[in-house]
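Below you'll find the structure, written out as structure tokens, and then a few comments.
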Amino acid sequence: HTYVQAHESSASRCTSEGGDSYVTGQHVDCCSGLTEILGPCSEGGSRSCFICKPVAACTQANQDNYITGNFIPCCAGLTEQTVPCDGGQRYCHMCMGGGGPTPTPLSPTRRRAPLPPAVSTQTGLSICTKKATLGSSSIWRQDGPHTSNCASRRRTGTRSDGAYSCADQQGNVDSTSIFMDLGSVSNKVGCFIWRSSPTCNFPMKSIARIEFDAEWTGCDNLWMAPLWTFSDPWVAPQGTSGEIDFIEECTVPKVTSNLGCYSVNDAGCQDGDPWGGTSGTSSGPKHLSMTLDTSGNLAVQVCNLDRSGCRQVAKYDGYLGKSYPTSGGRNNAFHFVSDIFNDPPGDASGGWDGCQASRNTNTQCKYAITNLKLTSTSGRPVFSSGSCAALNA
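Every position in the sequence shown, counted from 1, becomes a number in the working numbering once 29 is added.
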């Protein structure tokens, strides 16, 4: 790949204009006068990267005032409006112009305040009483950098429809949650991929525990992975890439926790227990936890929602010392992903073929991940502020 690399400035290490701020595997801030914008990677193809570009003096027509993550006022002749974006999944502040009545500009206070998610109908899942639009307070974003292992991705891009946040009966929204409902989507063929915000990236070496609640139904014969984590760059094989698939239907229709043990000759790596069954339903809500001890040993445990009936379903002795992102002096940043791949492979076929996946045009799959929490090894909060602070245990 050809990248504009991060370089050393007189003040600090930073990423220069046109460079990918994650090219090193860890986030490197843009140099002065530049800001991150999600766009095509420099090597071409369908991948997207966070590219450092000059800070615009104003926001152009039909652009989001917050596209850089910070507010940039509209250019002359344009007015700021709050409109649905991302296929109606959330609301954005857009600079609009042209005919029609001129809307009243938003006040600075309103402009910078997070937009409250719109809470709506019941979901049919006990841990996700109601669904809500994925608002600005959610940790989840439509996929950026990711595998291109999907034909639909090349034709229409990553799908973002069908995903919501979860809310309780009173309308309180869990900003760590994601609720995916293919029953609400007319065209069910494609790659539905969401990832956590880059500001919520975390160093696995500093994590003692990751836990969450999960529930799914109607997901038989579908390659789904409601929650997994990995680090860029992903370096093969899977068993040493650092990837942790907390819940994955693979091989279809078995639901397991997948650490990639099939790809390494290591007796200390054990996974493949079909704890989630083969019927496409979780048979009620589950509580999952992943722990890392002081020796870097990883274990995944599944319990009932009330923490009873717990059992270990996967383990990897020496995980930190054997995984690329956390060995050799590296401490690369990890992020979360939630996805459903419901179309044959594109640029690669390993995952699709290996999981014995098939296109399911009539699926009514719905799943929810809620109460996602991280505990640090130091006991201090992993995140200090912003929407990511909701991830602190």
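Even for Gly, the Cβ is constructed at its ideal location relative to N, Cα and C.
Secondary-structure assignment with DSSP links Thr269 through no beta bridge to anything.
Classified as exposed, Asp382 has fewer than 16 neighbouring CB atoms from the shown chains inside 10 Å of its CB. Taken through DSSP and simplified to helix, strand or coil, Ser225 comes out as strand. Sixteen is the threshold: when 16 or more other Cβ atoms of the shown chains lie within 10 Å of the Cβ of Gln171, as they do, the residue is buried. The way I'd put it, the region 298–310 doesn't touch the region 225–240; fewer than three beta-carbon pairs between them come closer than 8 Å.
When rounded, the separation of the alpha-carbon atoms in Ala196 and Pro314 is 16 Å. Here Glu240 is near Asn400, since their CB atoms are less than 9 Å apart. A straight line joining the alpha-carbon of Gly62 with that of Pro354 spans about 30 Å.
Non-local C-beta neighbours of Cys229 in its own chain, meaning closer than 8 Å and more than five positions away in sequence, comprise Ile168, His364, Phe365, Phe412, Ser416, Cys417, Leu420, ordered along the chain. Counting only unbroken stretches of 3 or more residues, the beta strand (DSSP E) elements lying wholly within the region 322–385 are 327–333, 340–345, 362–371, in sequence order. Leu403: member of the beta strand (DSSP E) spanning 395–405, first to last residue.
When the Cα atoms are used, Cys339 and Ala243 turn out to be separated by approximately 14 Å. Judged by beta-carbon spacing, Gly271 lies beyond the 9 Å limit of Ser286, meaning their Cβ atoms are not closer than that value. Burial is judged here by how many other beta carbons sit within 10 angstroms of a residue's own beta carbon; Pro255 has at least 16 and is buried. Burial is judged here by how many other beta carbons sit within 10 angstroms of a residue's own beta carbon; Thr150 has fewer than 16 and is exposed.
In this structure Thr88 is in contact with Cys124, their Cβ atoms being roughly 5 Å apart against a cut-off of 8 Å. Taking the CA atoms as reference points, Cys104 sits about 18 Å from Lys82. Under DSSP, Leu256 forms a beta bridge with Ile276. Annotation for Gln171: the continuous beta strand (DSSP E) segment containing it runs 169–171.
Leu63 is bridged by DSSP to Pro83. Taking a cut-off of 8 Å on C-beta distances, the region 344–358 touches the region 291–300, as three or more cross pairs fall below it. Contact annotation: Trp252 and Cys279 have beta-carbon atoms nearer than 9 Å. Counting along the chain, the unbroken beta strand (DSSP E) around Phe241 starts and ends at 236–246. Beta bridge pairing from DSSP links Cys124 with Glu109.
Taking C-alpha positions only, Ile222 is separated from Leu163 by approximately 14 Å. At the C-beta level, Val202 and Ser166 come within 9 Å of one another. For Ala419, there is no enclosing beta strand (DSSP E), as DSSP gives it neither H nor E. About 5 Å separates the beta carbons of Arg238 and Thr320, which is inside the 8 Å limit, making them a contact pair.
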